[in-house]
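Chemist:
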Amino acid sequence: MSTFTTPDGTEIFYKDWGSGQPIMFSHGWPLSADDWDNQMLFFKDHGFRVIAHDRRGHGRSAQPAGGHDMDHYADDLAALAEHLDIRDAVHVGHSAGGGEVTRYIGRHGEDRVAKVVLISAVTPSTALSDANPDGLPQSAYEGLQAQLAASRASFFRELPAGPFYGFNRPGTETVDAIVDNWWRQAMMGAANAQYDCVFAFAREDYSEDLARISVPVLVMHGEDDQIVSYADTAPRAVKLVRNGTLKSYPGFPHGMPTTQAETINADLLAFIRS
Numbered sequence: 119m120s121t122f123t124t125p126d127g128t129e130i131f132y133k134d135w136g137s138g139q140p141i142m143f144s145h146g147w148p149l150s151a152d153d154w155d156n157q158m159l160f161f162k163d164h165g166f167r168v169i170a171h172d173r174r175g176h177g178r179s180a181q182p183a184g185g186h187d188m189d190h191y192a193d194d195l196a197a198l199a200e201h202l203d204i205r206d207a208v209h210v211g212h213s214a215g216g217g218e219v220t221r222y223i224g225r226h227g228e229d230r231v232a233k234v235v236l237i238s239a240v241t242p243s244t245a246l247s248d249a250n251p252d253g254l255p256q257s258a259y260e261g262l263q264a265q266l267a268a269s270r271a272s273f274f275r276e277l278p279a280g281p282f283y284g285f286n287r288p289g290t291e292t293v294d295a296i297v298d299n300w301w302r303q304a305m306m307g308a309a310n311a312q313y314d315c316v317f318a319f320a321r322e323d324y325s326e327d328l329a330r331i332s333v334p335v336l337v338m339h340g341e342d343d344q345i346v347s348y349a350d351t352a353p354r355a356v357k358l359v360r361n362g363t364l365k366s367y368p369g370f371p372h373g374m375p376t377t378q379a380e381t382i383n384a385d386l387l388a389f390i391r392s
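Using this note's numbering, the first residue of the sequence shown is number 119, and each one after it goes up by one.
1. In three-state DSSP terms, what is Pro140?
2. What is the rounded straight-line gap between the Cα of Glu322 and the Cα of Ala295?
3. Using the three-state DSSP reduction, which class does Thr121 fall into: helix, strand or coil?
4. Using only the alpha-carbon positions, how far apart do Leu149 and Arg360 sit?
5. Can we count Ile331 as close to the ligand ADP, meaning its CB is less than 8 Å from some heavy atom?
6. DSSP has Tyr132 in a bridge; who is on the other side?
7. Assuming Ala195 is part of the alpha helix (DSSP H), what are its boundary residues?
8. Below 8 Å, can you find three or more Cβ-Cβ pairs linking the stretch 175–187 to the stretch 301–321?
9. Within this structure, are the beta carbons of His212 and Asp153 separated by less than 9 Å?
10. Can you tell me the Cα-Cα spacing of Ser392 and Gly261, whole angstroms?
11. Pick out whichever of Gln157, Gly165, Phe161 and His145 has its Cα sitting closest to the Cα of Gly175.
12. In chain order, which continuous runs of the alpha helix (DSSP H) of length 4 or greater are located wholly inside the stretch 249–273?
13. Can you tell me where the alpha helix (DSSP H) holding Gly217 begins and where it ends?
14. What residues in its chain sit with their C-beta under 7 Å from that of Gly136, if we drop five residues either side in the sequence?
15. Look at the Cβ atom of Arg178, then the Cβ atom of Met306, and state whether they are nearer than 9 Å.
16. Would you mind reading off the limits of the alpha helix (DSSP H) that contains Thr292?
17. Note the first and the last residue of the continuous alpha helix (DSSP H) segment covering Tyr283.
18. I'd like the span of the alpha helix (DSSP H) that includes Ser366, first residue to last.
19. If you draw a straight line from the alpha carbon of Phe273 to that of Gln265, how long is it in whole angstroms?
20. Quick one: what's His372 bridged to in DSSP?
21. Can you tell me whether DSSP reads Ile345 as helix, strand or coil?
22. Over the uninterrupted beta strand (DSSP E) stretch that includes Ile237, give me the two end residues.
Written as structure tokens, this is what we have:
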């Protein structure tokens with residue numbers, strides 16, 4: 119396996135395929151780099167170098183007791199880019215990975231970055247606040263943690279079988295293989311890391327990080343996202359960056375890079391080549 123060690127001694131697993139302009143993918147909670155396999159195969163075959171890592175505490179990376187917060191995640195991403203000497207990269211983040219990418223630029227700048235794509239992202243914030251009056255209250259995040267602590271295996275079956283991919287919508291057929299793959303990835307990670315990461319959703323505001331981004335940004339979000347509300351995030355995020363484009367998808371769920379991969383990949387390719 120390909121791994122490297124961060125400055126604080128955490129071993130991070132990553133995939134690095136192909137050659138050409140690099141695209142770095144940051145996965146969502148509580149998954150792994152495997153969630154990007156469809157995109158990585160697609161873009162490798164279109165002449166790009168594709169890189170994805172397992173966030174600390176997730177997938178095949180080390181499972182430290184602490185450091186499960188956005189600042190550490192962003193620093194790990196910066197360490198990976200430095201380790202591989204990545205330049206002129208397109209950074210693509212899904213869900214919590216969108217927060218990771220945004221915080222990475224907020225903390226480490228744009229020297230190695232060409233473009234940014236935020237897909238179903240938690241930016242600029244998901245929690246209830248004066249700036250986000252329709253956000254989720256603290257009790258909603260505590261409920262997630264309670265379900266995870268009570269029966270992680272059951273909770274991680276119900277989430278993809280229901281709202282994550284929109285399989286709970288009338289007339290939508292559940293794809294068992296997709297649910298099984300989600301569960302497999304989630305159960306590879308550390309329970310403590312996944313539990314602590316929920317706090318990042320509850321307390322983080324990426325407004326200042328977004329305001330520091332000057333490279334082109336594509337914000338992609340499904341309008342039927344039941345995990346990260348479209349109205350509370352995407353339109354707000356695109357207003358905070360200097361050079362942003364919003365692309366919304368009626369009826370698409372949170373996990374649209376998987377269930378609507380053909381559409382998402384084509385739109386990503388068009389943006390990257392533009």
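Yeah, the Cβ is synthetic: ideal placement off N, Cα and C, and Gly gets one too.
Modeler: Reading from the atomic positions:
1. Here the question's residue 140 lines up with position 22 in the sequence shown. It is a strand residue.
2. Here residue 322 corresponds to residue number 204 of the sequence shown, with the count starting at 1. Here residue 295 corresponds to residue number 177 of the sequence shown, with the count starting at 1. Taking the straight line joining both Cα atoms gives about 33 Å.
3. For the purposes of this step, residue 121 is identified with residue 3 of the sequence shown, where counting begins at 1. If DSSP states are grouped into helix, strand and coil, Thr121 belongs with the strands.
4. For the purposes of this step, residue 149 is taken as residue 31 along the sequence shown, with counting starting at 1. For the purposes of this step, residue 360 is taken as residue 242 along the sequence shown, with counting starting at 1. Approximately 30 Å, taken between the alpha carbons.
5. The ligand content of the structure shown is nil, which means the ligand ADP is not present either.
6. Translated into the one-based positions of the sequence shown, residue 132 becomes position 14. Partner(s): His171.
7. Mapped onto the sequence shown, residue 195 falls at position 77. Correcting the residue identity first, residue 195 is Leu in this sequence and not Ala. Counting along the chain, the alpha helix (DSSP H) containing Leu195 begins and ends at Met188 to His201.
8. yes
9. Taking the first residue of the sequence shown as 1, we reach residue 212 at position 94. Taking the first residue of the sequence shown as 1, we reach residue 153 at position 35. Yes, Cβ-Cβ distance for His212 and Asp153 is below 9 Å.
10. As a position in the sequence shown, residue 392 is number 274, starting the count at 1. As a position in the sequence shown, residue 261 is number 143, starting the count at 1. Answer to the nearest angstrom: the Cα atoms are 42 Å apart.
11. Position 57 of the sequence shown, counted from the start, is the residue given in the question as residue 175. Per the Cα distances, His145.
12. 256–268
13. Here residue 217 refers to the residue found at position 99 of the sequence shown. Element bounds for Gly217: Ala214 to His226.
14. Residue 136 sits at position 18 when you count from the first residue of the sequence shown. The residues are Lys162, Phe166, Arg167 and Val168.
15. Your numbering for residue 178 matches position 60 in the sequence shown. Your numbering for residue 306 matches position 188 in the sequence shown. Closer than 9 Å, so yes.
16. Numbered from its first residue, the sequence shown carries residue 292 at position 174. Per DSSP, Thr292 belongs to no alpha helix (DSSP H) and is neither H nor E.
17. Within the sequence shown, the letter at position 165 stands for residue 283. Where Tyr283 is concerned, there is no enclosing alpha helix (DSSP H), given that its DSSP letter is neither H nor E.
18. As a position in the sequence shown, residue 366 is number 248, starting the count at 1. Ser366 -> not in any alpha helix (DSSP H); beta strand (DSSP E) instead, spanning Gly362 to Tyr367.
19. Counting from 1 along the sequence shown, the entry for residue 273 is found at position 155. Counting from 1 along the sequence shown, the entry for residue 265 is found at position 147. Approximately 6 Å between the Cα atoms of the pair.
20. Numbered from its first residue, the sequence shown carries residue 372 at position 254. Answer is none; His372 lacks a bridge partner.
21. In the sequence shown, residue 345 corresponds to position 227, counting from 1. Ile345 falls in the coil class under three-state DSSP.
22. By 1-based counting over the sequence shown, the position of residue 237 is 119. Taken as a continuous stretch (DSSP letters only), the beta strand (DSSP E) holding Ile237 covers Val231 to Ile237.
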